[in-house]
Each structure stands twice: as structure tokens, then as C-alpha cells.
Amino acid sequence: MSQLPADCLNEIIEYLKDDKITLCSCLLVNRLWCETSVRTFWRDSGNYNIRHYRTLIACLPNESKKIIYDKGIVISSPTLKLPIFKYETFCKILSISRVYKKIGELLEETRPIIFNPGIVDYIQIVVLNLLRLLFKCEQDYVDFDKLSYASFSQLQILKIRNICSKCKSLIKFLEINGKSLKEFYLSEDHVRCHNDNSLNLAIANFCPNIRKLFVGFKHDNELESLKVVLNSCQYLETIKIWCTGSSLSEKEALEAVVKYSQNIHEIILYHTSDVISKLLPEELEAFFVNKYDKNMEIINEYIKLGVIKNFKIAEFDNGGFIF
Numbered sequence: 015m016s017q018l019p020a021d022c023l024n025e026i027i028e029y030l031k032d033d034k035i036t037l038c039s040c041l042l043v044n045r046l047w048c049e050t051s052v053r054t055f056w057r058d059s060g061n062y063n064i065r066h067y068r069t070l071i072a073c074l075p076n077e078s079k080k081i082i083y084d085k086g087i088v089i090s091s092p093t094l095k096l097p098i099f100k101y102e103t104f105c106k107i108l109s110i111s112r113v114y115k116k117i118g119e120l121l122e123e124t125r126p127i128i129f130n131p132g133i134v135d136y137i138q139i140v141v142l143n144l145l146r147l148l149f150k151c152e153q154d155y156v157d158f159d160k161l162s163y164a165s166f167s168q169l170q171i172l173k174i175r176n177i178c179s180k181c182k183s184l185i186k187f188l189e190i191n192g193k194s195l196k197e198f199y200l201s202e203d204h205v206r207c208h209n210d211n212s213l214n215l216a217i218a219n220f221c222p223n224i225r226k227l228f229v230g231f232k233h234d235n236e237l238e239s240l241k242v243v244l245n246s247c248q249y250l251e252t253i254k255i256w257c258t259g260s261s262l263s264e265k266e267a268l269e270a271v272v273k274y275s276q277n278i279h280e281i282i283l284y285h286t287s288d289v290i291s292k293l294l295p296e297e298l299e300a301f302f303v304n305k306y307d308k309n310m311e312i313i314n315e316y317i318k319l320g321v322i323k324n325f326k327i328a329e330f331d332n333g334g335f336i337f
């Protein structure tokens with residue numbers, strides 16, 4: 015029976031899709047049976063129990079395992095050996111509420127909940143690392159919309175890569191999770207095709223603590239959006255702006271940063287390799303002069319207030335300066 019041709023085995027497994035017990039036992043026959051049945055098994059999130067989440071957690075990269083372990087969370091693997099194929103890549107259906115529920119049960123089983131007043135934080139740490147694993151496996155994941163109402167209070171870095179998502183879903187996600195975000199990156203394709211004024215305004219409204227940001231600002235009314243983002247995100251230190259095609263020019267982007275930013279010390283103006291920069295040398299020089307003048311104004315204010323007692327500018331042989 016275990017030597018059946020793959021096409022015959024596929025039909026048998028498909029027939030067993032509603033028989034959870036038998037379907038689960040098929041995972042244990044051999045590699046062929048496991049690879050075949052796991053496709054059907056992971057199709058229905060109702061099939062996943064605590065044991066299967068243990069297996070998924072065992073598939074996490076070492077970096078994620080360390081994050082979990084450093085928080086004092088120890089989750090044992092259900093088997094001594096990991097699957098010999100990419101077991102996690104077959105998980106195609108994801109129910110966030112069910113993931114939370116099952117991870118909560120798993121942690122309660124591992125460490126009694128009565129001794130863990132911060133159990134919600136523990137759950138979120140594990141869930142975030144699981145989602146990171148599953149999204150990494152599924153490069154063309156198209157169901158991000160289902161995450162738009164999920165809450166991740168521990169989320170600090172959000173990278174949108176190769177995801178076909180609607181701006182309204184991202185905006186809703188940022189409304190719920192934006193306050194904790196420190197870094198937010200949109201893929202180049204997403205910036206070129208989907209970025210619009212409403213998303214940039216949502217970043218300004220819901221991401222007050224953002225430090226690093228990569229977005230696009232188009233010509234039509236987007237200069238005002240950039241100003242709003244710079245004024246609202248007072249902790250912003252690094253910004254990467256798409257400057258080609260219908261986006262803002264490099265000159266417009268630099269001028270806005272000089273005038274409205276407070277803490278930005280890294281600016282990345284991004285364009286494709288086939289586009290020649292239109293930024294003139296004198297425009298770039300003017301940017302640095304203006305930035306220097308602005309810094310000197312701030313320094314002089316603090317000197318007048320008596321906060322700065324001693325101040326001098328020293329020049330080095332290589333043309334550099336230290337304040």
C-alpha cells in the first residue's frame with residue numbers, strides 16, 4: 015500500500031480530506047505519503063492541533079527560536095527529527111484567531127497560565143515568528159487582507175514584499191498596529207503600482223514612533239503628504255523615497271526633508287538603474303548648506319539658553335568636521 019504511484023495516492027488522500035484522524039495518520043507512513051497528505055491536511059485550518067503547531071515551531075529558523083527562547087519560552091519538538099522536506103511551505107490556509115487560540119493552549123500546556131500573567135505577550139511573540147516563517151515560504155501570498163484586523167502589540171518591523179494587497183487593508187492594519195512600528199518598508203513594486211496619498215497619510219496618523227521608512231510620493235498633491243509625514247513622525251531617522259516616473263523629484267524630496275524633518279540623518283533617494291538622476295550638483299550642495307545652517311541655528315539657540323557651555327568646530331586633514 016505504501017508503494018502506490020503518486021497519482022493514485024493523491025486520489026486516495028483527497029478522498030480522505032474529511033477524515034481528520036486517518037488523514038493525520040497518513041503523515042506518518044513515509045516521506046511520499048507525508049508529502050502528499052500534508053498538502054491536503056494544511057488546506058483546512060481546522061485540522062491543526064497543538065502537536066502540529068509544535069512541528070511548525072520546530073521548523074522556525076534559529077534566529078526566531080532564539081527570540082522565543084530568550085523570552086523564557088521553551089517549546090519542545092514533537093519528534094526528535096525535523097521533517098526532511100519543507101513541511102511549513104504547505105500551510106496555505108491561515109486563521110489568525112485559531113493560531114492565537116492554539117498557541118495559547120500550547121503555552122498553557124508548556125507553562126501553566128496561572129504563573130504567566132504576561133501570557134498574551136508570549137503568544138504574540140510566538141505567533142509573529144510563525145507568521146514570519148510562513149510568509150517567507152509563500153512569496154506570492156495574496157491573502158494579506160485577512161490580517162488587516164489582527165493585533166500585534168509586539169510588532170516593530172513590517173516589510174511588505176511581493177504582496178498583492180489593497181491600500182485600505184494596509185491602512186486598517188496600520189490603524190491597529192502602527193503605534194508600535196519602528197520600521198516600515200514597502201516593496202519597490204508596491205510603491206510603483208499601489209502607493210497613494212491615503213496610505214502616506216495613514217503612516218503619518220498611525221505610526222508616530224516610526225524610525226525607518228521606505229515609501230513613495232507621487233507628484234500630484236504628494237508633496238503635502240511628505241510634509242505631513244515629516245511633521246507627524248518626529249522620531250524618523252531614515253527615509254527612503256522613490257524618486258522616478260510619477261514620483262517626487264529628488265530636489266523636491268531633499269528640500270522637504272531639510273525644511274520639515276527634525277531627526278533624519280539618512281536619506282535614500284531611490285530610482286531604477288535605467289533612470290539618470292536629474293539632481294544638479296549645485297542643488298545637492300545647497301541641500302548640505304541648508305542642513306548645516308539649520309543645525310547651527312539649533313546649536314545657537316541652546317548656547318543662548320546656556321544648555322551648551324562650550325562649542326567649537328574642528329577641521330581635519332581629510333576635509334571632515336567635528337562639532
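Per my numbering, residue 15 is the first one in the sequence shown, and the count goes up by one each step. For glycine and all other residues, C-beta sits at the position ideal for the given N, C-alpha and C. This one's a predicted model, so the numbers in the text were calculated from it and none came from an experiment.
Just to confirm the assignment, what range does the beta strand (DSSP E) spanning residue i have?
{"i": "Val-271", "result": "Note, Val-271: premise wrong, no beta strand (DSSP E); alpha helix (DSSP H) at 264-274."}
{"i": "Glu-251", "result": "Run containing Glu-251: none; DSSP gives neither H nor E here."}
{"i": "Phe-198", "result": "197-200"}
{"i": "Leu-169", "result": "It is not in any beta strand (DSSP E) - Leu-169 carries neither H nor E in the DSSP assignment."}
When the Cα atoms are used, what is the spatial distance from residue i to residue j?
{"i": "Tyr-67", "j": "Leu-74", "result": "11 Å"}
{"i": "Cys-181", "j": "Ile-174", "result": "12 Å"}
{"i": "Leu-188", "j": "Ile-117", "result": "24 Å"}
{"i": "Ile-64", "j": "Tyr-114", "result": "11 Å"}
{"i": "Val-43", "j": "Ile-89", "result": "25 Å"}
{"i": "Ser-194", "j": "Asp-84", "result": "20 Å"}
{"i": "Thr-50", "j": "Leu-23", "result": "7 Å"}
{"i": "Asp-32", "j": "Ile-26", "result": "12 Å"}
{"i": "Leu-227", "j": "Glu-197", "result": "6 Å"}
{"i": "Gln-153", "j": "Leu-172", "result": "With a pLDDT of 49 at Gln-153, under the threshold of 50, the modelled position of this residue cannot be trusted, and the question is left open."}
{"i": "Thr-36", "j": "Leu-30", "result": "7 Å"}
{"i": "Glu-398", "j": "Asp-21", "result": "The chain is shown only over 15 to 337; residue 398 falls outside these bounds and no answer can be derived."}
{"i": "Ser-167", "j": "Lys-318", "result": "42 Å"}
{"i": "Val-52", "j": "Gly-86", "result": "31 Å"}
Thinking C-alpha only, which one of the options is nearest residue i?
{"i": "Gln-248", "options": "Tyr-199, Asn-211, Val-271", "result": "Val-271"}
{"i": "Leu-169", "options": "Asn-214, Cys-221, Glu-122, Asn-211", "result": "Cys-221"}
{"i": "Ser-212", "options": "Ile-82, Ile-71, Glu-122, Ser-183", "result": "Ser-183"}
{"i": "Asn-223", "options": "Leu-37, Gly-192, Leu-237", "result": "Gly-192"}
{"i": "Glu-28", "options": "Ile-35, Lys-34, Thr-54, Cys-38", "result": "Thr-54"}
Would you mind reading off the limits of the alpha helix (DSSP H) that contains residue i?
{"i": "Phe-220", "result": "211-220"}
{"i": "Lys-34", "result": "34-40"}
{"i": "Ile-185", "result": "181-191"}
{"i": "Ile-71", "result": "64-72"}
{"i": "Lys-80", "result": "76-84"}
Within the same chain, show all residues whose beta-carbon is closer than 6 Å to that of residue i, passing over the 5 residues directly before and after it, in chain order.
{"i": "Ile-190", "result": "Ser-165"}
{"i": "Trp-47", "result": "Cys-40"}
{"i": "Leu-240", "result": "Phe-231, Ala-270"}
Confirm, please, whether the CB-CB distance from residue j to residue i is below 7 Å.
{"i": "Tyr-199", "j": "Leu-244", "result": "no"}
{"i": "Glu-251", "j": "Asn-277", "result": "yes"}
{"i": "Lys-254", "j": "Ile-217", "result": "no"}
{"i": "Glu-266", "j": "Leu-237", "result": "yes"}
Which same chain residues, not among the five before or five after residue i, have their C-beta less than 7 Å away from its C-beta?
{"i": "Val-242", "result": "Leu-215, Ala-218"}
Who are the near neighbours of residue i in its chain, counting only those whose CB is closer than 8 Å to its CB and skipping five residues on each side?
{"i": "Arg-225", "result": "Lys-196, Glu-197, Tyr-249, Leu-250, Glu-251, Thr-252"}
{"i": "Glu-119", "result": "Ile-64"}
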